[in-house]
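Shown next, in structure tokens, is the structure this report addresses.
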Amino acid sequence: MPDAAGGGYWQGVARALRRDPASLASGVVVLLIFALAAFAPWLAPADPYKASMLRRLLPIGSAGFPLGTDELGRDMVSRLMYGGRLSLVMGVLPVLLAFVIGTSVGLFAGYVGGRWNMAIMRVLDVFYAFPSVLLAVAVSGALGPGMSNSLIALTLVFVPQIVRVAESVTTQVRRLDYIDAARMSGAGTLSIVRVHVLGNVLGPVFVYATGLVSVCMILASGLSFLGLGVKPPEPEWGLMLNTLRSAIYVNPWVAALPGAMIFATSIAFNLLADGVRSAMDIRR
Amino acid sequence: MSADSVLAAPTDRGGPAQPLLRVSHLKKRFALRGGGVLEARKYLRAVDDVGFEIAKAETLGMVGESGCGKSTTARLIARLIEPDAGELVFDGDAVGRFGGMALKEFRRNLQMVFQDSAASLNPRLALLDAVAYGPRVHGLSASAARHRAAALLDRVGLAPAQFGARYPHELSGGQRQRVNIARALAFEPRLVILDEAVAALDKSVQAQVLNLLQELKVERGLTYLFISHDLQVVRYLADRVLVMYLGRVVEIGTVARLYGAARHPYTRALLSAVPSMDPSRRTERSPLAGDPPNPIDPPSGCRFRDRCAHAAEVCARIEPALFETVPGHLAACHLDDPASGHPEARVPLASIAMPDGVGA
């Protein structure tokens, strides 16, 4: 029943995505980056940890090192591929967790409304009042350095933002006549939320969350730079960008590579999010 | 209880003489924002002591200006909003009272069609699923619910093979409203509230939907509460008409009485505002001066007195109650009550000047 309709709906979304060149291209880029990161152990040409003082900061195009080497003489191709694993996990996982938590809380607050809504939203406003970077640093610092702690910190940063979007969309949807019509048909709250509210809230929240992935990657890199996230010699794009900072006058192109990866991934995610949003808007 | 008995057509209980629905002393006020700590909280009395009956198999038209409480009354009856006070008796059973009828049971007997055909359909549900949702909720199997939905779509003139898998945005307003009607009929309700159900449609489409509603009514023995601000449509469809003004009922009567010999000055003003095709009946003067008074702070006594040509001293003092002028025709006006103390009271009907275009 509604499930069958959902299948038809998602097929329509996939069809619309394939027809849009920008979404298609950004989708391919995202897949490529994920594949390179996931299969790094098999694809990487060299050991990303193997340092050598003799070949520090080789330029792009050097023999055996197509993208040069970093300040400790490690192969940049391999480090970028391995770095993608941590960067992507740090960029996607907190957003995914915040998406699940935030949507649930937002749905509840928006559908129940009244005092509950007031209580939840005002508490979240307290978190919202801090700039994201500051909040991430503060929580991460309080919990202590380490990757799992920075994951928790980043999740906490994004939960209030996603709750806000989910709550406002839910509040709008709840006032529409089809919710009243469903109530008239004697449906319980759970059924109404599942069939009539969730489907219409998930879309906008999903698109918003996709846009947060790039922000999250950049925040994670910032935490690593401050010594609160990933620690050297672990390759991670943000951390690499920071350690290569000193080489910016010696070999600027190599130093810019991790930044270029962050940039390309963020752009691809944002374009994909835009494409998904317009594909999901069936009232075009 | 098996799924079939859950969705079996509800049966008549009290016989044809017993009203299908009796609404009495229905009240709802909404608290307004801005009431401070020291300032008394203000309330908008959206529906203020409304009472009426709907007979079996009749169409009761409900008319009035926008903001007079028509839709709120409908939503109060459907219990989409909780009333502050009031009682509903459905075919002899008090709704939501101990020993009476449970709310869920009441809602199965009562369905509603809303004005905004687009907002009343979930954009994510295919039409067949939208119609089948209600029966599914009540425990019908997926295939049986789809079967029922297909039959209903077919009945309202949308071929299920062609339209069943479509989404609301692919339909025209008239087609969407047909789907809404099909959904409302999925439970075999006895009473259908049509809240401005054709107001947003083109005139030609409106006529088609009205004819469909008439056919369905006869076919299924339905009773309609038809809310509209379009007096022509109400005249076409309704058996009796109820006129609301600022949250109160000011006049109830049969279509013939109301359109021929309306008693309340407000009803007469409304009727004279209906556009006429006859040039000789055109009028330059506005039948009603000014906007309706603020419902937060209505005038004392009769709420219509600010705009009434017959307002007298008594109108400011005493709020007129519904007074039966002719059997079955009630109006809330001091003019009709010989004992009211109004100087013009009990004037023979003919001598009260009827506005142009009415009563001819």
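From first to last, the protein sequence lines stand for chains A and X. The opening position of the first sequence corresponds to residue 36 in this note's numbering, with each subsequent residue numbered one higher. The opening position of the second sequence corresponds to residue 3 in this note's numbering, with each subsequent residue numbered one higher. By construction, the Cβ of each residue, glycine as well, lies at the ideal position given by its N, Cα and C atoms.
- For the 8 angstroms CB-CB criterion, A/F193 and A/P129 form a contact.
- In the three-state reduction of the DSSP assignment, X/I183 falls in the helix class.
- Contact note: X/S122 reaches chain A through L211, D212, Y213, D215, A216, using a C-beta cutoff of 8 angstroms and chain order.
- Boundaries cannot be given for X/L173, as no beta strand (DSSP E) includes it and DSSP labels it neither H nor E.
- Three or more Cβ pairs closer than 8 angstroms define a contact, and the segment 222 to 238 of chain X falls short of that threshold against the segment 138 to 149 of chain X.
- For A/M116, same chain residues with a beta-carbon under 7 angstroms away, outside a window of 5 residues either side, are L71, A72, A75, L78, A79 in chain order.
- Residues of chain X with a Cβ closer than 8 angstroms to the Cβ of A/G145 do not exist; the shortest Cβ-Cβ separation is about 16 angstroms.
- Listed by position along chain X, the residues whose Cβ is nearer than 7 angstroms to that of A/G234 are R126.
- A Cβ-Cβ separation of about 37 angstroms leaves X/G223 out of contact with X/P297 under the 8 angstroms criterion.
- Chain A has no Cβ within less than 8 angstroms of the Cβ of X/G176.
- Contact annotation, X/V245 with X/G66: C-beta distance approximately 6 angstroms; criterion of less than 8 angstroms satisfied.
- Residues of chain A with a Cβ closer than 7 angstroms to the Cβ of X/H140 are, in chain order, G221.
- Counting other Cβ atoms within 10 Å of its Cβ, X/E221 stays below 16 and is therefore classed as exposed.
- For X/A333, the uninterrupted beta strand (DSSP E) run begins and ends at 331 to 333, by DSSP.
- Under the three-state reduction of DSSP output, X/G88 falls in the strand class.
- Chain A has a Cβ within less than 8 angstroms of the Cβ of X/F116.
- Below the 8 angstroms Cβ cutoff, chain A contributes D215, R218, M219 as neighbours of X/L82, in chain order.
- Taking the CA atoms as reference points, A/A299 sits about 21 angstroms from A/V265.
- Among the residues of the segment 221 to 249 of chain X, none has a Cβ less than 8 angstroms away from any Cβ of chain A.
- Here X/V200 carries a coil assignment [DSSP, helix/strand/coil].
- According to the DSSP assignment, X/E221 belongs to the alpha helix (DSSP H) that extends over 205 to 222.
- Fewer than three pairs of CB atoms, one per stretch, sit closer than 8 angstroms, so the segment 255 to 265 of chain A makes no contact with the segment 95 to 105 of chain A.
- Around the CB of A/Y284, fewer than 16 other CB atoms lie within 10 Å, so the residue is classed as exposed.
- Residue pairing for X/Y247: DSSP places it in a beta bridge opposite X/R250.
- Residue pairing by DSSP leaves X/E67 without any beta bridge partner.
- Annotation: the continuous beta strand (DSSP E) that includes X/L23 extends over 23 to 33.
- Among the residues of chain X, those whose CB is under 7 angstroms from the CB of A/S226 are V139, following chain order.
- Look at X/I56 here: in three-state DSSP terms it is strand.
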